[in-house]
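Below: the structure, in structure tokens.
There are 2 protein chains.
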Amino acid sequence: MTPPLHLSLAGQAVDVLRELVLTGDIPPGTRVNEVELAQRLGISRGPLREAIRHLASEGLLVLAPHRGASVPTSDAADVQALFELRTALECAAAELAASRRTEADVVRLRAVCEESRRAYSAGERFPYRLDLAFHQALLDAARSPRIAEQVRLVQQRVVLLRSGLRDDPPHQHASLDDHDALVTAIAAADPTRASDVMRKHLARVCAQMLTGLA
Amino acid sequence: MTPPLHLSLAGQAVDVLRELVLTGDIPPGTRVNEVELAQRLGISRGPLREAIRHLASEGLLVLAPHRGASVPTSDAADVQALFELRTALECAAAELAASRRTEADVVRLRAVCEESRRAYSAGERFPYRLDLAFHQALLDAARSPRIAEQVRLVQQRVVLLRSGLRDDPPHQHASLDDHDALVTAIAAADPTRASDVMRKHLARVCAQMLTGLA
DNA sequence: GCTCTGTCGACTGTCGACAGTTAACATCGC
DNA sequence: GCGATGTTAACTGTCGACAGTCGACAGAGC
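Chains as they are written, first to last, in the working numbering: chain A, 1 to 214; chain B, 215 to 428.
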């Protein structure tokens with residue numbers, strides 16, 4: 001899927017450590033021991049430190065002077081601030097997608113929506129993967145590399161949030177409707193409506209996440 | 215101004231190196247030699263490497279495997295992508311500011327505008343400092359820490375862009391009008407108009423920057 | 001004369017070890 | 001018994017040195 005050809009050990013460590021954090025293998029609130037993790041990864045502390053700093057710049061770790069790194073724990077204020085950022089980015093992406101989409105983009109978006117509905121009807125517990133695929137397809141249609149990059153980072157933080165949730169609720173039917181409405185607005189080349197639908201969609205997701213918070 | 219109490223050498227190196235890049239002391243396109251710069255800063259390569267990686271995560275340096283770091287050079291496409299991101303963030307900030315501003319925020323924004331006009335009338339060549347102060351005051355009024363943080367990073371990249379410009383044009387009169395219009399919309403608690411004014415303001419700034427590009 | 005190849009130099013990537021600081025524990029005094 | 005203080009251990013921050021890789025230059029072959 002992704003090109004795992006990170007030649008440097010630091011690059012590999014970034015990938016491995018990111019996965020450890022996102023999967024919840026290192027739960028939020030846990031402190032990271034450099035020597036222990038370095039031995040576990042079979043590398044020295046130097047590359048590991050670089051990896052830790054990199055993940056910290058992505059918001060997946062927080063650094064305390066002389067106390068090392070730890071996985072951040074989030075409260076309601078953090079979630080709200082994060083979703084304000086996500087809303088700003090993805091609403092802009094929706095606008096741009098509605099302005100710039102080609103027919104091929106619309107086809108791809110419709111395909112993801114249909115696959116999501118099939119999976120949901122089939123009773124699949126976790127079509128979150130398809131939710132990400134939808135937002136990714138939308139970003140591709142927006143053709144704005146900087147915005148896409150930032151959205152990726154924010155989505156990562158959301159994934160981290162989900163890993164810390166008590167009960168991860170299954171994908172809501174309302175979200176499927178939101179996605180369909182987004183595709184319709186984008187296909188109609190209506191940036192204003194696309195942005196508006198996205199805003200309401202994310203508000204719903206944010207509220208759902210807040211209810212599931214500790 | 216800034217709390218210079220970075221205890222670690224890496225933290226200090228980040229500040230110093232950031233300044234070296236932003237002031238154009240290390241011009242765009244220049245490669246950074248680790249041993250040479252480490253000696254110049256009087257530190258070892260370890261902390262310097264961490265500082266370099268940090269600046270790279272902020273977009274102020276680009277890394278090439280086995281070739282080290284260099285200050286990025288920007289073309290028109292980069293500028294456009296950057297301003298699409300900036301527009302997304304600052305329009306959202308303008309909306310939030312219009313919704314959340316207090317009277318004190320409005321007073322501060324008006325004060326910055328008036329100071330800018332005074333400086334402009336006095337023939338000051340470079341009220342860019344006040345432009346930053348205005349956008350900062352707007353971010354304070356928006357009360358969205360994540361968005362504020364991202365805007366700060368984007369503005370940094372814009373500063374880097376300006377350092378690479380042939381002739382850095384002085385602050386335009388139109389921008390002063392834009393700022394006034396923004397304050398008016400924010401004072402009137404009109405998020406839609408605030409966002410619209412901001413969008414046009416940034417479009418103008420972006421166009422101005424593109425004309426000055428190599 | 002041009003291209004390909006082999007060698008050299010410089011730089012990055014990585015490692016192990018030392019020093020300084022923080023936090024926890026045990027001890028002493030009240 | 002409770003609080004303050006000294007001590008100790010663990011961990012981070014930092015350093016210098018070694019190994020691997022990339023680019024440039026020179027020389028041989030066509």
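Cβ atoms here follow ideal geometry from the backbone N, Cα and C, with glycine treated the same way.
Listed in chain order, which residues of the stretch 386 to 416 of chain B have Cβ atoms closer than 9 Å to some Cβ of chain A?
The stretch 386 to 416 of chain B vs chain A, Cβ under 9 Å: nothing.
Drop a sphere of 10 angstroms on the beta-carbon of A:A111, count the other beta-carbons inside from all chains shown, and report buried for 16 or more, exposed for fewer.
Taking the first sequence and counting its residues from 1, one reaches residue 111 of chain A at position 111. Burial call: exposed.
Determine the contact status of B:D439 and B:H385, defining contact as a CB-CB distance below 9 Å.
A question about residue 439 of chain B goes unanswered here, because the residues of chain B that appear run from 215 up to 428.
Please confirm whether B:S271 has its beta-carbon closer than 9 Å to some beta-carbon of chain A.
Against the second sequence, residue 271 of chain B aligns to sequence position 57. It does: the Cβ of B:S271 has a partner Cβ on chain A nearer than 9 Å.
Could one say the Cβ of B:P217 lies closer than 9 Å to chain A's Cβ atoms, at least one of them?
Position 3 of the second sequence holds residue 217 of chain B. Per-residue confidence for B:P217 stands at a pLDDT of 41, beneath the threshold of 50, marking its modelled position as unreliable; the derived number appears in the next sentence. Taking Cβ atoms only, chain A never reaches closer than 9 Å to B:P217, which makes this a no.
Nearest to A:P27 by alpha carbon, out of A:R100, A:L60 and A:V35?
As a position in the first sequence, residue 27 of chain A is number 27, starting the count at 1. Closest option to A:P27, Cα to Cα, is A:L60.
Give me the Cα-Cα distance between A:Q155 and A:H135, rounded to the nearest whole angstrom.
Reading the first sequence from its first residue, position 155 is the one you call residue 155 of chain A. Reading the first sequence from its first residue, position 135 is the one you call residue 135 of chain A. Going by the C-alpha atoms only, they are around 10 Å apart.
CA-CA distance, A:D15 and A:I52?
The count along the first sequence starts at 1 and reaches residue 15 of chain A at position 15. The count along the first sequence starts at 1 and reaches residue 52 of chain A at position 52. For A:D15 and A:I52, the distance between alpha carbons rounds to 11 Å.
Can you give me the Cβ contacts of B:Y334 inside the same chain, cut-off strictly under 8 Å, excluding the 5 residues immediately before and after it?
For this step, residue 334 of chain B is matched to residue 120 along the second sequence. Here the set comprises P341, H385, H387 and L390.
So what does DSSP say about B:L255, is it helix, strand or coil?
Numbered from its first residue, the second sequence carries residue 255 of chain B at position 41. The answer is helix: DSSP assigns B:L255 an H, G or I state.
A:Q39 touches chain B at which residues, Cβ-Cβ below 9 Å?
For the purposes of this step, residue 39 of chain A is taken as residue 39 along the first sequence, with counting starting at 1. Under the 9 Å cutoff, chain B gives no residues; its nearest Cβ is about 19 Å from A:Q39.
Got a sec? Which residues, its chain only, sit under 8 Å from A:R199 by beta carbon, not counting five neighbours each side?
What you label residue 199 of chain A is simply residue 199 of the first sequence in a count that begins at 1. If we look at A:R199 and ignore the five residues flanking it on each side, its Cβ neighbours are T87 and C91.
Under the criterion of a Cβ to heavy atom distance below 8 Å, does B:E309 qualify as lining the ligand HEM?
In the structure on display, the ligand HEM does not appear, and there are no ligands present to speak of.
What do you reckon, are the CB atoms on A:T30 and A:S70 nearer than 9 Å?
The residue you call residue 30 of chain A lines up with position 30 of the first sequence. The residue you call residue 70 of chain A lines up with position 70 of the first sequence. Cβ distance < 9 Å, so A:T30 and A:S70 count as in contact.
Which same chain residues end up closer than 7 Å to A:L219 when comparing Cβ atoms and leaving out the 5 residues on each side of it in sequence?
Since the first residue shown for chain A is 1 and the last is 214, residue 219 of chain A is missing from the structure and cannot be characterised.
Helix, strand or coil: how does DSSP classify B:G243 here?
For this step, residue 243 of chain B is matched to residue 29 along the second sequence. Three-state DSSP puts B:G243 in coil, outside helix and strand.
For a test of the three-state rule: what should DSSP assign to B:S222, helix, strand or coil?
By 1-based counting over the second sequence, the position of residue 222 of chain B is 8. In the structure shown, the three-state DSSP call for B:S222 is coil.
Could you tell me whether the Cβ of B:E250 comes closer than 9 Å to any Cβ of chain A?
Within the second sequence, the letter at position 36 stands for residue 250 of chain B. Closer than 9 Å: no.
So with CB distances below 8 Å, who are the chain A contacts of B:P341?
If you number the second sequence from 1, residue 341 of chain B lands on position 127. For B:P341, there are no C-beta contacts with chain A under 8 Å, since the nearest C-beta of that chain is about 27 Å from it.
Within 9 Å of any Cβ in chain A, is that where the Cβ of B:G260 sits?
As a position in the second sequence, residue 260 of chain B is number 46, starting the count at 1. Yes, its Cβ sits closer than 9 Å to a Cβ of chain A.
For B:L379, which of helix, strand or coil comes out of DSSP?
Position 165 of the second sequence, counted from the start, is the residue given in the question as residue 379 of chain B. Note: B:L379 maps to coil in three-state DSSP.
With a cut-off of 8 Å on the beta carbons, I'd call B:E309 and B:A408 a contact; round off their distance for me.
Within the second sequence, residue 309 of chain B is the residue found at index 95, counting from 1. Within the second sequence, residue 408 of chain B is the residue found at index 194, counting from 1. With a Cβ gap of about 6 Å, B:E309 and B:A408 count as contacting.
Along the alpha helix (DSSP H) that carries A:A76, what are the first and last residues, could you check?
Stepping through the first sequence from its first residue, residue 76 of chain A is reached at position 76. Start and end: A76 to R100.
Near B:L234, which residues of its chain fall below 8 Å by C-beta distance, leaving aside the five closest residues on each side in sequence?
Here residue 234 of chain B refers to the residue found at position 20 of the second sequence. Within the same chain, B:L234 has close Cβ partners I240.
Answer with buried or exposed for B:D381, where buried requires no fewer than 16 other C-beta atoms within 10 angstroms of its C-beta.
Working through the second sequence from its first residue, we reach residue 381 of chain B at position 167. Counting Cβ neighbours within 10 Å, B:D381 comes out exposed, since fewer than 16 surround it.
Give a yes or no on whether 9 Å exceeds the smallest Cβ distance from A:P216 to chain B.
There is simply no residue 216 of chain A to check, as chain A begins at 1 and stops at 214 in what is shown.
Quick one: does A:P65 have its CB under 9 Å from some CB of chain B?
Mapped onto the first sequence, residue 65 of chain A falls at position 65. Judged by the 9 Å Cβ criterion, A:P65 is in contact with chain B.
Assuming A:A187 and A:V106 form a contact by the criterion Cβ under 8 Å, report the distance between their Cβ atoms to the nearest whole angstrom.
Here residue 187 of chain A corresponds to residue number 187 of the first sequence, with the count starting at 1. Here residue 106 of chain A corresponds to residue number 106 of the first sequence, with the count starting at 1. The beta-carbon distance between A:A187 and A:V106, rounded to whole angstroms, is 5 Å. This is short enough to meet the 8 Å contact definition.
Would you list the residues sitting across from A:S70 in a DSSP beta bridge?
Residue mapping note: residue 70 of chain A aligns to position 70 of the first sequence, counting from 1. Its beta-bridge partners are A:R31 and A:V62.
Please confirm if A:C91 has its CB atom under 9 Å from at least one CB of chain B.
One-based indexing of the first sequence puts residue 91 of chain A at position 91. With 9 Å as the cut-off, A:C91 counts as an interface residue toward chain B.
Use the C-beta contact count for A:H66: other C-beta atoms within 10 angstroms, 16 or more gives buried, fewer gives exposed.
Locating residue 66 of chain A in the first sequence gives position 66, where the first residue counts as 1. Around the beta carbon of A:H66, a 10 Å sphere encloses fewer than 16 other beta carbons of the protein chains shown; the residue is thus reported as exposed.
State buried or exposed for B:A224, treating a residue as buried only when at least 16 other CB atoms are found within 10 Å of its CB.
One-based indexing of the second sequence puts residue 224 of chain B at position 10. Flag for B:A224 reads buried.
Check whether the Cβ atoms of A:A142 and A:A181 lie closer than 9 Å to each other.
In the first sequence, residue 142 of chain A corresponds to position 142, counting from 1. In the first sequence, residue 181 of chain A corresponds to position 181, counting from 1. No. Outside cutoff.
Strictly below 9 Å CB to CB, what residues from chain B border A:Q156?
Taking the first sequence and counting its residues from 1, one reaches residue 156 of chain A at position 156. By Cβ distance, chain B contributes nothing, its closest Cβ being about 13 Å from A:Q156, past 9 Å.
Determine, using beta carbons only, whether B:S313 comes closer than 9 Å to chain A.
The residue labelled residue 313 of chain B in the question sits at position 99 within the second sequence. Cβ-Cβ to chain A under 9 Å: no for B:S313.
Work out the CA separation of B:G282 and A:V159 for me, nearest whole Å.
Within the first sequence, the letter at position 159 stands for residue 159 of chain A. Within the second sequence, the letter at position 68 stands for residue 282 of chain B. So the two alpha carbons sit approximately 32 Å from each other.
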